[in-house]
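Read the structure below first, then the notes.
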Amino acid sequence: MKFKFKLLYQQMLTFFVMILCFLSIVGVSLFHLTKENVYQDTWSRMEGYAQSIRKNALRLTTNENGQTQIVLDAQELRDSEMVLENNDVHFTIYTSPDQVLYPQYGFKAKISKSDWKKLQQGQILKRRDDLGGVGRVGKKAPHPDPDHLLVKHRMTDIFMPCFDVNGQLVAVISVASAVSNIRNDFEKMQQNLLIALLICAIVGIIISYLIAHYITKRIKKMQAATRQVAEGNFNVQIQHSDHDELDELAKDFNQMATSLKLSNEEIKRQEERRKEFLANAAHEMRTPLTTINGLLEGLKYDAIPENKKGESIDLMRNETKRLIRLVNENLDYERIRSGQLKMNRSNFNAIEALHKIIKQLSPKAEDAKDVFEMNTPDKVMVYADYDRFVQIFYNIIQNAIQFTEKGKISISAMHDDDQHGTEITVSDTGIGMSQDQLDNIWERYYKADQSRAQTKGESGLGLAIVHQLIQQHHGKINVTSEIGKGTTFKLFFPDQGNQEKKTKSDKK
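To convert, note that position 29 of the sequence shown is 29 in full-length UniProt numbering; the numbers rise steadily by one, no gaps.
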């Protein structure tokens with residue numbers, strides 16, 4: 001069984017580690033900065049003590065030979081050390097790296113030759129940690145090495161050079177303070193810092209929990225919404241603002257849920273139309289097949305009079321053509337929709353093609369007592385696939401005849417130089433369509449008038465094919481209609497250059 005580390009704890013751990021790292025960096029930096037400041041303050045005080053000694057307790061004179069002599073006020077030095085006894089401050093005066101002028105016994109740090117050269121150059125030396133003796137231990141007899149009678153202490157000290165009038169180094173004043181005093185301050189500071197870090201860590205845990213809980217709560221809302229969508233509820237929406245990425249994710253989720261809802265509704269609608277189409281197709285196929293089968297049986301058993309056989313054969317041919325048309329329309333739609341249809345575009349006179357379509361559909365128009373009206377010049381060039389152009393307007397004009405009785409079907413055409421294309425309009429004075437019908441006429445299997453569709457044998461694929469073919473030509477189609485007053489189809493075919501440019505763009 002795998003251990004699951006909950007997101008809440010992951011977030012808490014992440015935030016806490018970040019806060020702890022930040023506090024550690026700040027704490028260490030603050031400690032070192034404070035430590036440095038303590039040393040600098042200590043050195044600054046000791047430098048002040050050294051300057052005071054140079055001014056009050058140490059005087060330089062010149063003898064008869066012109067040599068500089070040091071006159072030292074030892075009492076002044078001892079008084080100063082007594083005043084600073086609680087701070088464990090000690091003074092030492094050197095005349096050379098190995099010779100100490102004051103005190104006879106006391107703190108004595110080693111001065112290297114390189115350090116002495118720096119002092120000769122006027123530098124003030126500062127040391128953090130020196131080992132030297134402070135005070136005598138008991139009253140023992142003199143010893144060749146007096147330093148063995150001193151207690152060794154760790155001290156921090158400075159060395160300030162003193163020069164004569166000739167600029168020669170004659171003495172070095174050393175002021176030392178016990179390192180333990182500074183370390184005590186450091187220990188107190190470390191304790192305070194650890195307490196502060198502990199308090200900040202506790203506050204950090206609380207803040208981490210609150211932030212992690214807030215984020216996890218929002219994620220759980222999305223999780224719950226996702227489950228509802230998975231169960232088929234596409235109406236779920238997540239409340240959000242525009243503060244952060246989770247809000248953007250919630251916004252995208254809402255858009256996804258809306259898209260899924262629309263897709264689901266579309267699937268249901270298409271399924272209903274598919275069922276409707278299958279029922280219509282079955283009905284359309286059953287009628288001619290029944291007719292053909294009956295006529296064939298009549299011919300086989302000589303049940304049809306001799307003078308009626310030719311008429312029966314013509315009827316069978318018509319019913320067969322009707323079946324072929326139904327199958328071809330479905331095949332055409334699938335080929336167009338899947339992009340398998342090859343377009344052979346060329347420039348031709350659209351008016352000649354329209355006249356041929358009108359001539360072909362004139363018998364149907366006469367049966368419906370409709371008249372055609374052509375409002376076109378003799379020649380309007382269009383760039384399109386000729387066969388598909390004929391198929392488009394055959395379907396549109398046939399549709400106009402189907403829904404118009406004793407009316408007029410008007411056709412106009414023109415080349416629009418501003419839009420760089422050809423515009424063709426087909427209007428009728430038929431029964432018209434409602435807005436709901438207009439919104440659905442491009443859908444496959446849809447029939448605007450069920451009663452007429454059933455009687456006239458239409459499959460509901462004609463306008464769906466028209467819409468697909470116009471898209472293949474990168475054109476536009478617009479339909480306006482009013483119930484009882486008729487319908488107008490306005491189609492636009494771009495010129496050759498525009499179509500080729502869009503075709504290349506689609507391939508990319």
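For glycine and all other residues, C-beta sits at the position ideal for the given N, C-alpha and C. Here the structure is a predicted model, which means the values were calculated and not measured.
In terms of residue numbering, what span does the beta strand (DSSP E) encompassing residue i cover?
{"i": "Ala176", "result": "Leu169 to Ala178"}
{"i": "Pro494", "result": "Gly486 to Pro494"}
{"i": "Gly240", "result": "Residue 240 is actually His in this sequence, not Gly. Where His240 is concerned, there is no enclosing beta strand (DSSP E), given that its DSSP letter is neither H nor E."}
{"i": "Leu101", "result": "Gln99 to Tyr102"}
{"i": "Ser481", "result": "Lys476 to Glu482"}
{"i": "Ser114", "result": "Counting along the chain, Ser114 falls outside any beta strand (DSSP E), though it belongs to the alpha helix (DSSP H) covering Lys113 to Gln120."}
{"i": "Asn344", "result": "Here Asn344 belongs to no beta strand (DSSP E), and DSSP marks it neither H nor E."}
How close, in whole Å, do the beta carbons of residue i and residue j come, if the pair is a contact with beta carbons under 8 Å?
{"i": "Leu60", "j": "Asp164", "result": "6 Å"}
{"i": "Asp428", "j": "Thr376", "result": "Not really, about 16 Å apart at Cβ, beyond 8 Å."}
{"i": "Leu278", "j": "Leu295", "result": "Between Leu295 and Leu278 the Cβ distance is about 26 Å, and since that is not below 8 Å, they are no contact."}
{"i": "His415", "j": "Val390", "result": "His415 to Val390, Cβ: 19 Å. No contact."}
{"i": "Gly430", "j": "Phe403", "result": "4 Å"}
{"i": "Val89", "j": "Val175", "result": "7 Å"}
{"i": "Asp129", "j": "Val179", "result": "6 Å"}
{"i": "Gln499", "j": "Tyr383", "result": "6 Å"}
{"i": "Pro288", "j": "Glu329", "result": "Their Cβ separation, rounded to whole angstroms, is 15 Å, which puts Pro288 and Glu329 out of contact at 8 Å."}
{"i": "Phe489", "j": "Val426", "result": "5 Å"}
{"i": "Glu313", "j": "Met374", "result": "One detail in the question is off: residue 313 reads as Ile in this sequence, not Glu. Incorrect: roughly 37 Å between the Cβ atoms, too far for contact."}
{"i": "Thr92", "j": "Val170", "result": "15 Å between Cβ atoms; not a contact."}
{"i": "His467", "j": "Lys502", "result": "About 17 Å; that fails the 8 Å criterion."}
{"i": "Lys159", "j": "Ile111", "result": "The sequence given here has Phe at residue 159, not Lys. Their Cβ separation, rounded to whole angstroms, is 7 Å, which keeps Phe159 and Ile111 in contact under 8 Å."}
DSSP state of residue i, grouped into three classes?
{"i": "Asn192", "result": "helix"}
{"i": "Phe91", "result": "strand"}
{"i": "Glu231", "result": "coil"}
{"i": "residue 519", "result": "Nothing in the structure corresponds to residue 519, since the chain is present only between 1 and 508."}
{"i": "Asp302", "result": "coil"}
{"i": "Arg452", "result": "In this predicted model, Arg452 has a pLDDT of only 47, less than 50, meaning its place in the structure is not dependable; the value taken from the coordinates is given anyway. Correct three-state label for Arg452: helix."}
{"i": "Leu131", "result": "strand"}
{"i": "Asp185", "result": "helix"}
{"i": "Asp247", "result": "helix"}
{"i": "Asp164", "result": "coil"}
{"i": "Gln223", "result": "helix"}
{"i": "Met12", "result": "helix"}
{"i": "Lys501", "result": "helix"}
From which residue to which residue does the alpha helix (DSSP H) around residue i run?
{"i": "Asp367", "result": "Ala350 to Asp367"}
{"i": "Ala464", "result": "Gly462 to Gln472"}
(Q) With three or more C-beta pairs closer than 8 Å as the rule, is the region 312–328 touching the region 359–377? (A) no
**Q.** Ranges of the beta strand (DSSP E) found wholly within the region 370–447, counting only runs of at least 3
**A.** 371–375, 381–385, 408–416 and 421–428
(Q) To test your reading of the DSSP string, which unbroken beta strand (DSSP E) runs of 3 or more residues are found completely within the region 35–74? (A) 58–62 and 68–72
Q.
Pairs of beta-carbons, one from the region 20–28 and one from the region 106–119, closer than 8 Å: are there three or more?
A. no
Q: Assess, as a yes-or-no matter, whether the region 172–192 is touched by the region 9–20 under the definition of 3 or more beta carbon pairs within less than 8 Å.
A: no
**Q.** the region 45–61 / the region 203–218 touching (three or more Cβ pairs under 8 Å)
**A.** no
Q: Specify whether the region 42–52 and the region 219–226 touch according to this definition: at least 3 beta carbon pairs, one from each stretch, less than 8 Å apart.
A: no
Q.
Assess contact between the region 290–309 and the region 257–273, defined as three or more Cβ pairs (one per stretch) separated by less than 8 Å. Is contact present?
A. no
Q | Touch test, the region 248–264 against the region 232–240, Cβ-Cβ under 8 Å, three pairs minimum | A | yes
Q: Return the chain-ordered ranges of every alpha helix (DSSP H) run that is complete within the region 258–322 and spans a minimum of 4 residues.
A: none
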